[in-house]
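Chemist:
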Amino acid sequence: MISLDVAQLSKVYPDGTTALKDVSFQVNPGEAVVLLGHNGSGKSTLFRSITNFEQLTSGEVFIDGEPIQSLSKRKMRLVRKRIGMVFQDFNLIYNLSVFQNVLFGAMGQAKTSLHTFNWFAPKNLRMKAMECLDRVGLAHLANRRADALSGGQQQRVAIARMLMQDPELILADEPIASLDPKAGREVMDLLWEIVRERALTVFCILHQMDVAKEYGERILALKNGRLLFDRPMQEISDETLSLLYEQKDAAKLASYEEAGA
Ligand SMILES: Nc1ncnc2c1ncn2[C@@H]1O[C@H](COP(=O)(O)OP(=O)(O)O)[C@@H](O)[C@H]1O
Ligand SMILES: [Mg+2]
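The sequence shown begins at 96 in the numbering used here and counts up one residue at a time.
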């Protein structure tokens, strides 16, 4: 079980863009948390900060009480292995087979090149890859090239790949933004089923309010890099949610005004 503690996190990019400002929250083991916010509100920056792929300007991120900034490279690798990531654009290797893509999810545990790994991966990992594929309902497509799959299937392959690392925490950055509503629901249902059956923690960025309401037990919202609210889903009124819509209008207004319109 993994716990995440973000304390007064700020991020200013070298070009002066403030992406996060004084953001603090905790994610406890077993929670299903949804992060909402408009484009550019800092959601992806927050995720990259949590995995230490983004240098923090100030503040701290603790995983199981340990500040990640002070971890050695080796320890950071071990922490990252415990965090499974799902992205909007799947990040598959499209000219390789579905099976190979899933197998590569175990690369973090091997110290070889991709090519060598592909040919010499031990039998137990190959079997595990098939099990992971089976879990997402795609074992029958194992030998198909990844680029011959639909978007929804590609995301399911990405989920199977992530399962290879036996993650404890899943960070999903707009996992259904590239999918049509039906495929999107299927991917959300699958992800949530897996989270439940393995008692994982999930922290998921979404931009569809209706989907967020349906799946999130707790909602965090970012507005211009600041935490707008952090509440259990059942305590969130339409009025609270409208704060986010207002932000959009305010941002629109500001950009119109800037343009002199
Ligand atoms: N590498 C970068 N350099 C400069 N600014 C960036 C960089 N990455 C993101 N930003 C800016 O930081 C803000 C937050 O971006 P991001 O975290 O991608 O937001 P979101 O994921 O909510 O759309 C935006 O204004 C974006 O343009
Ligand atoms: Mg983003």
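All residues carry an ideal CB built from backbone N, CA and C; glycine is no exception.
Between the alpha carbons of Met202 and Gly132, how many angstroms are there, rounded?
Modeler: Their backbone Cα atoms lie some 33 Å apart in a straight line.
Chemist: Given 6 Å as the limit, tell me if Ser273 has its C-beta closer than that to any heavy atom belonging to ligand 1.
Modeler: It does not: the Cβ of Ser273 is nowhere closer than 6 Å to a heavy atom of ligand 1.
Chemist: I need the straight-line Cα distance from Lys116 to Ala216, nearest angstrom please.
Modeler: Distance between the alpha carbons of Lys116 and Ala216: 44 Å.
Chemist: Using the beta-carbon of each residue, find all residues closer than 6 Å to any heavy atom of ligand 1 and list them in chain order.
Modeler: Qualifying residues come out as Tyr108, Asp110, Thr112, Ala114, Gly132, Asn134, Gly135, Ser136, Gly137, Lys138, Ser139, Thr140.
Chemist: Using the Cβ count rule (16 or more neighbours within 10 Å means buried), how would you classify Leu173?
Modeler: Exposed is the call here.
Chemist: CA-CA distance, Thr112 and Ser153?
Modeler: Straight-line Cα distance between these residues: approximately 14 Å.
Chemist: Closest by CA to Arg321, which one among Val118, Met96, Val297, Ile97?
Modeler: The option with the nearest alpha carbon to Arg321 is Val118.
Chemist: Just verifying my parser: in three-state terms, what is the DSSP assignment at Glu149?
Modeler: Coil at Glu149, not helix or strand.
Chemist: Going by C-alpha to C-alpha distance, which of Leu233, Asp229, Ile188, His235 sits closest to Asp242?
Modeler: For Asp242, the nearest C-alpha among the options comes from Ile188.
Chemist: Could you name each continuous beta strand (DSSP E) segment of 3 residues or more that falls completely within the segment 255-326, going from the start of the chain to the end?
Modeler: The qualifying runs are 264-268, 296-300, 313-318.
Chemist: What residues in its chain sit with their C-beta under 6 Å from that of Val107, if we drop five residues either side in the sequence?
Modeler: The residues are Thr113, Thr152.
Chemist: Out of Leu236, Leu336, Ile163, which has the shortest C-alpha to C-alpha gap to Leu191?
Modeler: Nearest C-alpha to Leu191: Leu236.
Chemist: Out of Glu149, Arg280, Asp110, Ser245, which one is the CA nearest neighbour of Asp184?
Modeler: Nearest C-alpha to Asp184: Ser245.
Chemist: Quickly, what does DSSP pair Gln121 with across the bridge? List them, please.
Modeler: Partner(s): Asp100.
Chemist: So, helix, strand or coil for Leu338, using DSSP?
Modeler: Helix.
Chemist: On the DSSP letters alone, give me the boundaries of the beta strand (DSSP E) that Ala127 sits inside.
Modeler: Taken as a continuous stretch (DSSP letters only), the beta strand (DSSP E) holding Ala127 covers 127-131.
Chemist: Inspect the beta-carbon positions of Gly137 and Leu258 and report whether they are closer than 7 Å.
Modeler: Contact: no.
Chemist: Drop a sphere of 10 angstroms on the beta-carbon of Leu266, count the other beta-carbons inside from all chains shown, and report buried for 16 or more, exposed for fewer.
Modeler: Result: buried.
Chemist: Let me know the secondary structure DSSP gives Arg221 once reduced to three states.
Modeler: If DSSP states are grouped into helix, strand and coil, Arg221 belongs with the helices.
Chemist: Starting from the C-beta of Leu220, find all residues in its chain whose C-beta is less than 7 Å away, skip the five residues before and the five after it, and write them out in chain order.
Modeler: These residues qualify, in order along the chain: Leu198, Ala201.
Chemist: Looking at Ala233: is its Cβ nearer than 7 Å to the Cβ of Arg256?
Modeler: According to the sequence provided, residue 233 is Leu. The question's Ala does not apply to it. No, they are not a contact pair.
Chemist: Beta strand (DSSP E) containing Met180: first to last residue?
Modeler: 178-182 is the extent of the beta strand (DSSP E) around Met180.
Chemist: By Cβ distance below 6 Å, which residues in the same chain neighbour Asp100 in space, the five residues on each side in sequence not counted?
Modeler: If we look at Asp100 and ignore the five residues flanking it on each side, its Cβ neighbours are Gln121, Phe157.
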